[in-house]
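Protein sequence lines, in the order shown, are assigned to chains B and G. The end of the first sequence is residue 412 by numbering that gives the first Met the number 0, with every number in the run present. The end of the second sequence is residue 412 by numbering that gives the first Met the number 0, with every number in the run present. The next block holds one structure in the form of structure tokens; read it before the comments.
2 protein chains.
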Amino acid sequence: MPSKNKIMALIVQKYGGTSVGTTERIGNIADRIVATKKLGDDVVVVVSAMSGETNRLIALAKEISRQSSPREMDVLLSTGEQVTIALLAMALNARDCPAISYTGSQVHILTDSAHSKARIKEIDGSRIHRDLSLGRVVVVAGFQGMDDNGNITTLGRGGSDTSAVALAAALKANECQIYTDVDGVYTTDPRVEPRARRLERITFEEMLEMASLGSKVLQIRAVEFAGKYNVPLRVLSSFTEGKGTLITYEEDGVEAARISGIAFNRDEAKLTVLGVPDHPGAAYQILGPIGEANIEVDMIIQNVGRDGTTDFTFTVHRNDVEQAVRVLNGVASELGAREVNSDDSIVKLSLVGVGMRSHAGIAGSMFKILADEGINIKMISTSEIKISVVVDEKYLELGVRALHDGFELEKTA
Amino acid sequence: MPSKNKIMALIVQKYGGTSVGTTERIGNIADRIVATKKLGDDVVVVVSAMSGETNRLIALAKEISRQSSPREMDVLLSTGEQVTIALLAMALNARDCPAISYTGSQVHILTDSAHSKARIKEIDGSRIHRDLSLGRVVVVAGFQGMDDNGNITTLGRGGSDTSAVALAAALKANECQIYTDVDGVYTTDPRVEPRARRLERITFEEMLEMASLGSKVLQIRAVEFAGKYNVPLRVLSSFTEGKGTLITYEEDGVEAARISGIAFNRDEAKLTVLGVPDHPGAAYQILGPIGEANIEVDMIIQNVGRDGTTDFTFTVHRNDVEQAVRVLNGVASELGAREVNSDDSIVKLSLVGVGMRSHAGIAGSMFKILADEGINIKMISTSEIKISVVVDEKYLELGVRALHDGFELEKTA
């Protein structure tokens, strides 16, 4: 029985493909939802396709045609979540918990028409509110919506997180809980630093930096969306109990931790154009053709020139490095630059924390810690709440552990 | 190129689960549709789930719960056809044939809310007409629709035939072609009588009788629907070429065949209540409890009484015979009837043909043919275009062949 003093909350829970990967797991999820419901909260559940299902459907499409129309791919792939919503609603009903399932179209998750990567424009929450008021758990298909013409759209892989956050925003939910295979956001990857600590809280901005730096706990777009609409977001494990990590805005009066965590990314490669004649427009002449080749650029460094030339360095995804070198060789000769270098045995290490804003000297401490371990820094880039360095790949573990230790991240702030 | 003299027709084609059972078969269907389109006709295609898919989904539901909510079963099962429409549209697009897929909801196949056995109330053809006018093939999911509240409904197994006919009616199509694994309607089952002949034409009424008598080429509801809205229906094979069988109303001026075919049914059992006191209401007292037990009754015979009592005989599905006997034993003692008999080693043979209306003596010929073979008739029942007899199971093949031969059905009328 719900306690009389408790204020009823509306919780949106999202379960990914692994969490609903078998009918047995769907049963476990149903048990968890029933438990939440028994606390007296209203629950809306967003689910992905059962793991493996999306790949099965993609394989069918490939048997039909090498290049399928994006509209029809969306019609095909959206069946994956539709199967899950029906099965989960059945599992809840079988537990005497009234539940009803909806596809994205049925609850008017309105998107633009960019098939396979649509963006949510609007959600009509009235139907869901009506079901909630009747005591039902509402199960909604993630990852999908429809455009103005009623065509089925998908938000792209992993877009179920975004569906959940968007629903939470539209319904003015008290919390959006993202259930994953990890039990929260850590100060760094526990496989690299066993003393890594689960964070109780982290801010949206920090989470965005962590996510963009390769901590793949949450989809970046989902975090952006949650930040924009101020939806408190919680990351939890669907397999173990625990409070997870709450992602919210920084609260006044609470002194922020100086550093929230250490992210790293081993997917990048570094490219340098040496001896670029130092004249206006050189940066554009280099990066323009890279962009046209659909290669995404991450860090960009250009130091002050010497002898009328400068060196221009940037990082790209490792998969793109060969193509980028080909593009740059053409550009270099046009520019009269001396040489093009590439290095794909690098990693990027980043300190992330809103506390950096008000605490000078963090960058200095970071560089000293790395120097003490004999780690040479190849590139540096900073933002308001992040300091990133590029170092040799072999220093990844050593660097992460030294920084974790040096900033005492194993201790609660 | 379409011939200039040809009047453009609108054809609705329906392909069942076996015809779309693999991606290779979907490719073959796409080739066939492209060929139809090249003749200059507009084509709307209705498809079922790939064979095996519906059973796979039902098995998943059974893993979740023994008894699933009908609403959620429909959400689940409707994904089967949705997969097929996407794959077929892709296959057509890959053949440079512009195509677009729609679920039942998307083209507003409006049904009542009887989940798993919904009936179509209305279809809005405007969206399909718009696509056709743009030169597209429109691929629609069979077997499904939505109710007034936007809930997904299904028409029950095999309901794709009905979807196709209903669409043909709503779109005022020139013909509704049902592709199956047989190449038409035969004078009788060719496995029993090898000289059975494919009919060029048959009337809706005859087809209804044939279907209800166990010739499972088409869904009865689809034939009824086609008859009601006067949609010319054609049964063809999706694996071989051929004109199939056209099902229409009897045309004036064309002399109807006396007999169209011989249908038979081995699923029935015969029940007799002997020595029923011959008073008004006895029939109701017997059949009322049978109906309440949800047992469907087919033939009913009550002969004139003797000595103040009568014998009451009817047939039911063999699966129901034990339950029916239990019900009747109770009824018989209440009624003061003498005895209850059952016999499940019977078959029903039926002559079907609109020509019977105007040709007397067919029943007589039928009984003589059977008598000449020494086949004893246990029950007789007639309608305007059908004569059915119940005989011993062992006479099935002999009876069918004797009638086929006796009425010279191997010859074109």
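Ideal Cβ positions, reconstructed from N, Cα and C, are used throughout, including at glycine.
In chain order, what residues of the same chain have a beta carbon less than 7 Å from the beta carbon of residue i, not counting five sequence neighbours either side?
i, result
"Glu-121/G", "Leu-109"
"Val-353/G", "Thr-202, Glu-204, Glu-205, Glu-249, Ala-255 and Ile-384"
"Ile-376/G", "Phe-366, Leu-369, Val-388 and Val-390"
"Asn-92/B", "Ala-98"
"Gly-124/B", "Ala-169 and Leu-170"
"Val-164/B", "Cys-175, Ala-221, Phe-224, Ala-225, Val-230 and Leu-232"
For residue i, return the contacting residues in chain G, with the cut-off set at a CB-CB distance below 8 Å.
i, result
"Gly-26/B", "Ile-63"
"Met-82/B", "The sequence given here places Val at residue 82/B; Met does not occur at that position. The answer, in chain order, is Leu-56, Leu-59, Leu-75 and Thr-78."
"Met-68/B", "It should be pointed out that residue 68/B corresponds to Ser in this sequence rather than to Met. The answer, in chain order, is Ala-88, Met-89 and Asn-92."
Looking at residue i: is its Cβ nearer than 8 Å to the Cβ of residue j?
i, j, result
"Thr-161/G", "Ile-119/G", "yes"
"Asp-182/G", "Leu-235/G", "yes"
"Ala-140/B", "Val-46/B", "yes"
"Val-324/G", "Pro-288/G", "no"
"Val-44/G", "Ala-172/G", "no"
"Ala-207/B", "Ile-261/B", "Looking at the sequence shown, residue 207/B is not Ala but Leu. Result no, Cβ atoms of Leu-207/B and Ile-261/B do not sit closer than 8 Å."
"Ile-285/G", "Phe-311/G", "yes"
"Gly-158/B", "Gly-103/B", "no"
"Val-315/B", "Leu-327/B", "no"
"Ser-341/B", "Lys-242/B", "no"
"Arg-197/G", "Glu-409/G", "no"
"Thr-153/G", "Gln-81/B", "no"
"Ala-401/B", "Glu-372/B", "yes"
"Ile-219/B", "Ala-225/B", "no"
"Ala-90/B", "Ser-64/G", "yes"
"Gln-301/G", "Thr-308/G", "no"
"Ile-361/B", "Arg-265/B", "no"
"Glu-267/G", "Ser-344/G", "no"
"Gly-413/G", "Ser-50/G", "Nothing in the structure corresponds to residue 413/G, since chain G is present only between 0 and 412."
"Tyr-178/G", "Ser-237/G", "yes"
"Asp-73/B", "Ser-115/B", "yes"
Whose C-beta lies closer than 6 Å to the C-beta of residue i among residues of the same chain, with five residues either side of it excluded?
i, result
"Pro-130/B", "Per the sequence presented here, residue 130/B reads as Asp, with Pro not at that position. Once the five neighbours on either side are set aside, the close Cβ partners of Asp-130/B are Ile-99 and Val-137."
"Glu-396/G", "Val-191"
"Gly-252/G", "Per-residue confidence for Gly-252/G stands at a pLDDT of 49, beneath the threshold of 50, marking its modelled position as unreliable; the derived number appears in the next sentence. None."
"Leu-245/B", "Arg-200 and Arg-233"
"Tyr-394/G", "Ile-374"
"Gly-149/G", "none"
"Leu-348/G", "Phe-263, Val-388 and Gly-398"
Show which residues of chain G have a CB atom less than 7 Å away from the CB atom of residue i.
i, result
"Gly-149/B", "Gln-105"
Please compile the residues from chain B whose C-beta is within a distance smaller than 8 Å of the C-beta of residue i.
i, result
"Gln-301/G", "Correct list: empty, because the minimum Cβ distance to chain B is about 46 Å."
"Ala-401/G", "By Cβ distance, chain B contributes nothing, its closest Cβ being about 50 Å from Ala-401/G, past 8 Å."
Since residue i meets chain B, which of its residues come closer than 7 Å, beta carbon to beta carbon?
i, result
"Thr-22/G", "Leu-59, Glu-62 and Ile-63"
"Ser-100/G", "Glu-71 and Val-74"
"Ala-117/G", "Residues of chain B passing the Cβ test: none, with the nearest at roughly 16 Å."
"Ala-331/G", "What Ala-331/G touches in chain B: nothing, since even the nearest Cβ is about 42 Å away."
"Ala-370/G", "Here the premise fails: no neighbours, minimum Cβ distance about 57 Å."
"Ala-48/G", "By Cβ distance, chain B contributes nothing, its closest Cβ being about 10 Å from Ala-48/G, past 7 Å."
In chain B, which residues lie with their C-beta within 9 Å of the C-beta of residue i?
i, result
"Val-121/G", "Checking the displayed sequence, the identity of residue 121/G turns out to be Glu instead of Val. Within chain B, no residue comes near Glu-121/G; the closest Cβ sits about 17 Å away, beyond 9 Å."
"Ala-113/G", "The premise fails here: Ala-113/G is roughly 17 Å from chain B at the closest Cβ pair, so nothing lies under 9 Å."
"Ala-429/G", "The structure shown does not extend to residue 429/G, since chain G is modelled only from 0 to 412, so the question has no answer here."
Could you list which residues in chain G have their beta carbon closer than 9 Å to that of residue i, in chain order?
i, result
"Ala-282/B", "Correct list: empty, because the minimum Cβ distance to chain G is about 42 Å."
"Ala-169/B", "Under the 9 Å cutoff, chain G gives no residues; its nearest Cβ is about 18 Å from Ala-169/B."
"Ala-8/B", "What Ala-8/B touches in chain G: nothing, since even the nearest Cβ is about 26 Å away."
Excluding the 5 residues flanking residue i on each side, which residues of the same chain have their C-beta closer than 8 Å to its C-beta?
i, result
"Glu-407/G", "none"
At 3 residues or longer, and completely inside the segment 278-318 of chain G: list those beta strand (DSSP E) runs for me, N to C.
-> 296-301 and 308-316
Report yes or no: do three or more beta-carbon pairs, one from the segment 279-295 of chain G and one from the segment 308-319 of chain G, lie closer than 8 Å?
-> yes
Should the segment 11-22 of chain G be called in touch with the segment 280-287 of chain B, which here means at least 3 C-beta pairs below 8 Å?
-> no
Should the segment 265-274 of chain B be regarded as contacting the segment 223-240 of chain B, the criterion being three or more beta carbon pairs within less than 8 Å?
-> no
Can at least three beta-carbon pairs, one atom from the segment 76-89 of chain G and one from the segment 49-65 of chain B, be found at a separation below 8 Å?
-> yes
Let me know the beta strand (DSSP E) ranges lying completely inside the segment 192-251 of chain B, each 3 residues or longer, listed in chain order.
-> 200-202, 232-236 and 244-247
Contact between the segment 67-74 of chain G and the segment 20-37 of chain G (3+ Cβ pairs under 8 Å) = In short, these stretches do not touch, since the Cβ pair count stays below three.
For the segment 29-97 of chain B, list the alpha helix (DSSP H) runs that are entirely contained and at least 4 residues long, ordered along the chain.
-> 52-63 and 69-93
Could you pull out every unbroken beta strand (DSSP E) segment of at least 3 residues lying fully inside the segment 132-162 of chain G, listed in chain order?
-> 136-140, 143-145 and 151-153
Length-filtered (4 minimum) alpha helix (DSSP H) runs lying within the segment 363-412 of chain G | Entirely contained in the segment 363-412 of chain G, the alpha helix (DSSP H) runs reaching 4 residues are, in chain order, 395-405.
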